[in-house]
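Numbering (the numbering used here), first residue to last: 1102 to 1259.
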């Protein structure tokens, strides 16, 4: 629960910060409210469970970096399709993976959420959907490459 709530809280707050510059106020407030509610539940949970704050802080900082990287990945995926996208547009879409995590396996759910959120930042819904697919495929290709390198390093470096 804790790390998922950290992921969602930081993701919604990150998106809200970028929404503030380009979207209606009610949408910005909704994203910020969701993020702050999730982060408040994290603080409550850590306090009640008497967990070590240092570990939670490291996890939160790591999540900030991963969310910023996710925005770069989505921006590059949209650009790979042939649509010019800026970082501030992709930064709003980083909540899609968290929202897709609500559904088991999340296949096609992330892409659908991206298609729904894309018009908010001026991107065509079909482009948002395709960018999600491109990001997922490139991520899987990267992981497959890492697995092969790991396999060969383990096999030949003994």
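Even glycine gets a Cβ: it sits at the ideal position worked out from N, Cα and C.
Among the options, the one whose alpha carbon lies nearest that of residue i
{"i": "residue 1194", "options": "1103, 1105, 1107 and 1111", "result": "1111"}
{"i": "residue 1164", "options": "1104, 1202 and 1121", "result": "1104"}
{"i": "residue 1211", "options": "1230, 1186, 1248 and 1161", "result": "1230"}
{"i": "residue 1228", "options": "1127, 1214 and 1248", "result": "1214"}
{"i": "residue 1197", "options": "1217, 1180 and 1178", "result": "1217"}
{"i": "residue 1232", "options": "1189, 1152, 1245 and 1180", "result": "1180"}
{"i": "residue 1189", "options": "1200, 1177 and 1138", "result": "1177"}
{"i": "residue 1238", "options": "1199, 1108 and 1208", "result": "1208"}
{"i": "residue 1102", "options": "1152, 1220, 1247 and 1143", "result": "1143"}
{"i": "residue 1107", "options": "1246, 1162 and 1225", "result": "1162"}
{"i": "residue 1170", "options": "1153, 1149 and 1240", "result": "1240"}
{"i": "residue 1175", "options": "1247, 1219 and 1125", "result": "1219"}
Cβ separation of residue i and residue j, assumed to be a contact under 8 Å, to the nearest whole Å
{"i": "residue 1133", "j": "residue 1114", "result": "6 Å"}
{"i": "residue 1168", "j": "residue 1235", "result": "With a Cβ gap of about 19 Å, residue 1168 and residue 1235 do not count as contacting."}
{"i": "residue 1160", "j": "residue 1136", "result": "The Cβ separation is near 16 Å, so there is no contact."}
{"i": "residue 1201", "j": "residue 1119", "result": "That belief does not hold up - the Cβ atoms of residue 1201 and residue 1119 are roughly 19 Å apart, past 8 Å."}
{"i": "residue 1243", "j": "residue 1109", "result": "In fact, because the Cβ distance is near 24 Å, the residues do not count as touching under 8 Å."}
{"i": "residue 1186", "j": "residue 1221", "result": "About 13 Å separates the two Cβ atoms, so there is no contact after all."}
{"i": "residue 1157", "j": "residue 1173", "result": "The Cβ separation is near 25 Å, so there is no contact."}
Residue i in three-state terms, based on DSSP
{"i": "residue 1135", "result": "helix"}
{"i": "residue 1257", "result": "helix"}
{"i": "residue 1127", "result": "helix"}
{"i": "residue 1153", "result": "coil"}
{"i": "residue 1121", "result": "coil"}
{"i": "residue 1113", "result": "helix"}
{"i": "residue 1102", "result": "coil"}
Exercise for review: Please specify which runs of the beta strand (DSSP E), each continuous and at least 3 residues long, are wholly inside the segment 1179-1255, giving them in chain order.
Suggested key: none
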